[in-house]
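Some notes on the structure that comes next.
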Amino acid sequence: MVARLETAGRLGPGTVREALLAIRREVLIPQAYVRRSAPGEEPPRWDLLDWGALPDRVELLGLLYGGGSVLVQHDGEPLLGRARGARSGGVISSMSSVTGMTAELLQELDLLPGQRVLDVGTGAGFTAAVACHVCGDKGVVSLDRDRHLVESAAVRLADLGFHPHLVCGAGAEGCPDRGPFDRIFLSYALRQVPSALAGQLAPGGRLLTHVTTAAPSWPALAVVERTADGTLNSELRAVEFAHRVGHGVDRIWLTEAFRHRIATEPGAWTYVNARELPSSTDRGFWLAADHLLGGGLVRDFGTEHLALGAPGCGSWLRAAPGEQGWHVAAHGPRDIWAELHDLADRWRAAGSPDRYRLDFTEDGGQRVSSANGVLAWPLSAPDPVEDGAFS
Numbered sequence: 024m025v026a027r028l029e030t031a032g033r034l035g036p037g038t039v040r041e042a043l044l045a046i047r048r049e050v051l052i053p054q055a056y057v058r059r060s061a062p063g064e065e066p067p068r069w070d071l072l073d074w075g076a077l078p079d080r081v082e083l084l085g086l087l088y089g090g091g092s093v094l095v096q097h098d099g100e101p102l103l104g105r106a107r108g109a110r111s112g113g114v115i116s117s118m119s120s121v122t123g124m125t126a127e128l129l130q131e132l133d134l135l136p137g138q139r140v141l142d143v144g145t146g147a148g149f150t151a152a153v154a155c156h157v158c159g160d161k162g163v164v165s166l167d168r169d170r171h172l173v174e175s176a177a178v179r180l181a182d183l184g185f186h187p188h189l190v191c192g193a194g195a196e197g198c199p200d201r202g203p204f205d206r207i208f209l210s211y212a213l214r215q216v217p218s219a220l221a222g223q224l225a226p227g228g229r230l231l232t233h234v235t236t237a238a239p240s241w242p243a244l245a246v247v248e249r250t251a252d253g254t255l256n257s258e259l260r261a262v263e264f265a266h267r268v269g270h271g272v273d274r275i276w277l278t279e280a281f282r283h284r285i286a287t288e289p290g291a292w293t294y295v296n297a298r299e300l301p302s303s304t305d306r307g308f309w310l311a312a313d314h315l316l317g318g319g320l321v322r323d324f325g326t327e328h329l330a331l332g333a334p335g336c337g338s339w340l341r342a343a344p345g346e347q348g349w350h351v352a353a354h355g356p357r358d359i360w361a362e363l364h365d366l367a368d369r370w371r372a373a374g375s376p377d378r379y380r381l382d383f384t385e386d387g388g389q390r391v392s393s394a395n396g397v398l399a400w401p402l403s404a405p406d407p408v409e410d411g412a413f414s
């Protein structure tokens, strides 16, 4: 797994690499689920694999060291004392994050020995284990809203020789009694940075969390740093992938029926347009579009060319490049193509940024802006129940 991450350019030499090599994942996660049913089959069927059962070990090793998400909890169950075997129906309520993304974020976090670390969203305990290995467990606090995850993590981390302080509580509130912290890491995405967590950063401290809207298409990474004089310097970086959203964050999706309409229907109008949109890798543009175009746009990344839908009003856009320009088909009350081009002009006037300034305002809000101020928007306030994680 480490070699694959190095080859892919996602892991370099340093303390995170050393931790990945040292932490035995089969000790930290001795049980994991694998789905046996086909996509769309109802009810879904799962098998719980157990390291203690010799027939399960080969498949479980593949899950633990394959680099993908590992499914650790079904329907909010207790993790300790579970019997291996089949499950039917229900949902996976906790899973580890993809290892490559976690490794990149932990390297960005810049963990050092002796630091005080707050890990928000304990989940399977992987981030806490890395923090304990690098920083020492005395300064590590790990927090989750699910007591079953907290109880299991305490046992599994102890099996690895780590004894951090584990807390069951609301992630957005942090752990002020144990702060301030040199590093704060959230393993789930929110609508904005929890102000209480930013307030628990020590001078020289750094906080990382993914920020999202109701749409899943264009996330961002918030990097918050407190200077030696106590000032917060923060930025929002457009990214390709992000953690899953926390509990209580409503999502909008393109249904299979809506995707089929976008892909196959002729549209209420069609035309050829020579104007170029920013590419899919111009993530700073699409991040701005997510926030500034009224919300509700979702991209179908399963298509070869541009396909966007607005489930709230039924509008959609399909566009593919051709010899004469972009061949556009569209439907619905919104002119998505015109909206995108109007914003593209503003984004280019702002310097085509992929990073934006993030300010904490005096009234408790958060505001995002380009360096020259041409583009700006507020981050939505969190929902009241937005206090936990799929982690």
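In short: position in the sequence shown from 1, add 23, done, that's this note's numbering.
Built from N, CA and C at the ideal position, the CB exists for glycine as well.
Under 7 Å between the Cβ atoms of Y211 and H156?
The criterion of a C-beta distance shorter than 7 Å is not satisfied by Y211 and H156.
Got a sec? Which residues, its chain only, sit under 8 Å from A31 by beta carbon, not counting five neighbours each side?
G123
With DSSP as the reference, please indicate the residues paired to Y211 in a beta bridge.
Y211 is not bridged to any residue.
Backbone CA spacing between E409 and V268 [nearest angstrom]:
For E409, the pLDDT reaches just 41, beneath the cut-off of 50, and the residue's location in the model is therefore unreliable, leaving the point undetermined.
Per DSSP, cross-strand counterpart(s) of R110:
W69
Given T278 as reference, the closest of A261, N256, S302 and R322 once Cα atoms are compared:
Nearest option by C-alpha distance: R322.
Is the region 182-200 close to the region 359-367, with three or more CB pairs under 8 Å?
no
Taking the beta carbon of Q347 as the centre, do at least 16 other beta carbons fall within 10 Å, making it buried, or is it exposed?
exposed
Closer than 6 Å by C-beta to H171: which residues in its own chain qualify, once you throw out the five before and the five after it? Chain order, please.
P101 and L102
If you draw a straight line from the C-alpha of P407 to the C-alpha of L213, how long is it?
Only weak support is given to the placement of P407: the predicted model assigns it a pLDDT of 46, under 50, and the value that follows is read from those uncertain coordinates. When rounded, the distance between both Cα atoms is 12 Å.
For the pair the region 377-390 and the region 244-261, tell me if three or more CB-CB distances fall below 8 Å.
yes
Alpha carbons only, please: which of L134, V247 and G325 is nearest the one belonging to H283?
Answer by Cα proximity: G325.
Where do the ends of the alpha helix (DSSP H) carrying W74 lie?
Element bounds for W74: n/a, residue is neither H nor E.
Give me the DSSP bridge partner(s) of I115.
H97
Using C-beta distances below 6 Å, list every residue in its chain close to G337, excluding the 5 sequence neighbours before and after it, in chain order.
G355
Starting from the Cα of L310, find the closest Cα among A126, A367 and K161 and give me that residue.
Cα-wise, what sits closest to L310 is A367.
Straight-line Cα distance separating R105 from G388:
44 Å
Which full runs of the beta strand (DSSP E) of 3+ residues lie inside the region 157-241, going along the chain?
163-167, 188-191, 204-213 and 224-234
Rounded distance between the beta-carbons of S165 and L128, thought under 8 Å
With 8 Å as the limit, L128 and S165 do not qualify as a contact, their Cβ atoms being about 16 Å apart.
Determine whether the beta carbon atoms of A353 and W400 lie at a separation below 7 Å.
no
Relative to the alpha-carbon of L402, which residue among A243, A55 and G146 has its alpha-carbon at the smallest distance?
With distances taken between Cα atoms, L402 lies closest to A243.
In this structure, does DSSP put T293 in helix, strand or coil?
Here T293 sits in strand by DSSP.
According to DSSP, what are the bridge partners of Y88?
DSSP lists no partner for Y88.
Per-residue burial, R59 [other beta carbons within 10 Å of its own, 16 or more giving buried]:
exposed
From the beta carbon of R371, is the nearest beta carbon of chain D less than 7 Å away?
You won't find chain D in this structure, because it holds only one protein chain.
Does the contact criterion of 3 or more C-beta pairs under 8 Å hold for the region 215-230 versus the region 167-186?
no
So, is H186 buried or exposed, given that buried needs 16 or more other C-beta atoms within 10 angstroms?
Exposed, since its Cβ has fewer than 16 Cβ neighbours within 10 Å.
Tell me, to the nearest whole angstrom, how far the beta carbon of V25 is from that of L43; I am working on the premise that it is less than 8 Å.
Taking a contact as a CB-CB distance under 8 Å, the pair V25 and L43 counts as one, their CB atoms being some 5 Å apart.
How would you write the range of the beta strand (DSSP E) that V50 sits in, first residue to last?
From DSSP, V50 is part of no beta strand (DSSP E) but of the alpha helix (DSSP H) over R48 to L51.
For S111 versus R68, is the C-beta spacing smaller than 7 Å?
Their beta carbons are under 7 Å apart, which means S111 touches R68 by this criterion.
For A237 and G184, believed in contact at Cβ under 8 Å, the rounded distance:
Not a contact, Cβ separation roughly 42 Å.
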